[in-house]
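Encoded as structure tokens, the structure appears first; notes follow it.
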Amino acid sequence: MPKPPEQSGATALAMARAILGDAVRIVGARLYGDVSAPESGDDGPVVLAAGTRASGTTVSSHIDIDFIPATARLLLGLKFSANEIPIGSDDNVIRDGVSIWVNGFPIGTGASATRIPRGHLPDLPVQTTTVSHGFELGLVADLSVSARKVNTIRIATAALGAAFVFSSLAVKAIAAPNFFLTDDEYDVPKNQSVTVDPTANDVSPGQSIIFITEINGVAVDVGDTVTLATGETITINEDGTITITADGDLGTVTFDYSASYGMGNAKPPKDATVTLNTVPCFVAGTMIRTDRGDVPVERLKKGDLVQTCDDGLQPIRWIGQRTLPAQGPMAPVRIARGAFGDHQTLMVSPLHRILVRSVHADLLFGSSEVLIAAKDLVDGIDVCQIEGGQVHYVHLLFDRHQVVWSEGLETESFLPGSQTTHCFEETTVAEICEIFPELDPKTGAGYGPAARPALKAFEAKLLAS
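Under the numbering used here, the first residue of the sequence shown is numbered 310, with each subsequent residue one higher.
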């Protein structure tokens with residue numbers, strides 16, 4: 310995609326007004342990089358451009374706006390276009406990106422972002438070039454701001470891909486979407502039930518209460534139960550939630566629902582799809598790459614050869630297993646398929662670290678590859694903590710700390726440390742120390758260093774920003 314041209318006479322204040330419109334008072338604005346305003350008299354969006362030159366240097370753009378809103382809510386329509394996929398299918402390198410900060414916080418902490426389903430995207434025209442591997446992503450950022458006070462918003466885009474890779478971000482304040490339903494995905498342990506609210510992320514006028522009216526085309530009311538063809542049952546609860554009861558089969562199934570609000574006469578433009586993943590006690594069942602292919606982790610034995618990132622095939626020296634209530638800090642973290650590259654959906658413990666590659670990590674921590682705890686990657690969309698039922702954790706210990714492939718994603722092996730004596734019974738600790746007599750189970754000293762720099766929570770947040 311070619312970079313948008315500079316507009317002569319365009320100022321930061323003019324662009325700020327073009328972005329936020331007349332609903333707010335603009336106090337100040339500063340722009341950096343390649344930013345273009347709409348033509349005079351045009352009601353189009355402001356476009357921020359990013360790219361990578363042939364020399365390898367990157368181009369980024371951002372605009373800072375100080376403004377006073379009349380209400381505590383600000384809606385921005387965004388359309389991000391790029392001539393390459395943002396996360397490569399062959400690695401975990403984060404390439405093109407968009408960031409929005411409100412009063413010093415990225416969206417997701419001090420603000421929120423609502424994804425708009427395909428077919429409901431804001432109509433924001435962007436100069437594009439037809440490309441074989443490009444993509445467009447539209448969304449609405451639903452931002453919490455302080456009414457009648459000065460707020461600051463930063464909107465930025467950057468490209469970190471190969472040479473001649475360009476992207477653009479069109480942004481403009483919009484009116485609240487009217488009524489639409491959003492797809493959902495849930496994990497349900499086999500032969501167990503979970504209660505969820507698929508309408509929680511749906512949108513209705515004036516935030517009216519949304520209630521489900523159909524499951525797979527069958528009309529439903531409070532108290533009704535629908536049995537899917539695959540055996541799962543869906544019960545409509547009085548508070549608007551649904552209770553999903555899984556059968557004993559493993560796998561993924563889907564069902565559609567329609568809904569309404571108010572007097573029940575409104576119909577959404579399209580139904581939403583709910584995906585159910587039935588997994589065996591969560592973590593048990595994770596496929597680990599070995600010399601004989603991918604094997605469920607609970608079927609591995611001491612001495613089995615596992616493929617490692619650094620040292621090829623390595624024998625397992627010890628396997629530990631624990632079954633715990635999936636509640637609070639011990640609830641597992643679910644990483645959606647493709648969240649960090651070419652991998653399947655997997656479940657890990659909150660402290661289990663994932664290998665992340667980023668050029669920013671090299672600048673910040675001296676290594677382009679770092680390990681980040683799953684709990685520090687939670688974004689509520691692709692990475693979520695799941696509570697309910699029991700979770701069965703399996704630990705693999707090698708002669709040294711390794712990076713292995715779990716469902717195709719590079720994750721760490723067990724690293725003994727201060728948590729060893731806290732997490733296991735005395736007999737288990739004694740077993741580990743018998744295998745590694747030089748190990749101090751209270752500190753982890755004597756085993757060896759981590760395979761990659763392991764980031765603390767604040768460091769992971771810094772990298773994400």
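For each residue, glycine too, the CB sits at the ideal point set by N, CA and C.
Query                                                                                                                                                                                            : Result
Is the separation between the beta-carbon of residue 644 and that of residue 718 shorter than 8 Å?                                                                                               : yes
Identify, in the order they occur along the chain, each residue of the same chain with its Cβ nearer than 7 Å to the Cβ of residue 326, setting aside the five sequence neighbours on each side. : 335
Excluding the 5 residues flanking residue 722 on each side, which residues of the same chain have their C-beta closer than 7 Å to its C-beta?                                                    : 705, 706, 707, 710, 711, 713
Ends of the alpha helix (DSSP H) at residue 736?                                                                                                                                                 : 735-744
Please determine, among 480, 465, 378, the residue with the shortest C-alpha to C-alpha distance to residue 454.                                                                                 : 378
In this structure, how does DSSP classify residue 529 when only helix, strand and coil are distinguished?                                                                                        : coil
Work out the CA separation of residue 755 and residue 738 for me, nearest whole Å.                                                                                                               : 15 Å
Considering Cα atoms alone, identify which of 627, 490, 535, 322 is closest to residue 741.                                                                                                      : 627
How many angstroms separate the CA atom of residue 530 from the CA atom of residue 492?                                                                                                          : 20 Å
Within its chain, find whatever has a CB closer than 6 Å to the CB of residue 762; leave out the 5 residues flanking it on each side and keep chain order.                                       : 674, 676, 679
DSSP on residue 609, reduced to helix/strand/coil?                                                                                                                                               : coil
Could you tell me the boundaries of the alpha helix (DSSP H) in which residue 723 lies?                                                                                                          : No alpha helix (DSSP H) holds residue 723; DSSP gives it neither H nor E.
For the alpha helix (DSSP H) containing residue 326, name the first residue and the last one.                                                                                                    : 321-329
Among 652, 671, 669, whose alpha-carbon lies nearest the alpha-carbon of residue 663?                                                                                                            : 652
Are the beta-carbon atoms belonging to residue 545 and residue 533 less than 8 Å from one another?                                                                                               : yes
Buried or exposed, going by whether 16 or more other CB atoms sit within 10 Å of the CB of residue 622?                                                                                          : exposed
From residue 760 to residue 415, what distance separates their C-alpha atoms?                                                                                                                    : 30 Å
Around the Cβ of residue 374, are there at least 16 other Cβ atoms within 10 angstroms (buried) or fewer (exposed)?                                                                              : buried
Output the distance between the C-alpha atoms of residue 489 and residue 625, rounded to the nearest integer angstrom.                                                                           : 50 Å
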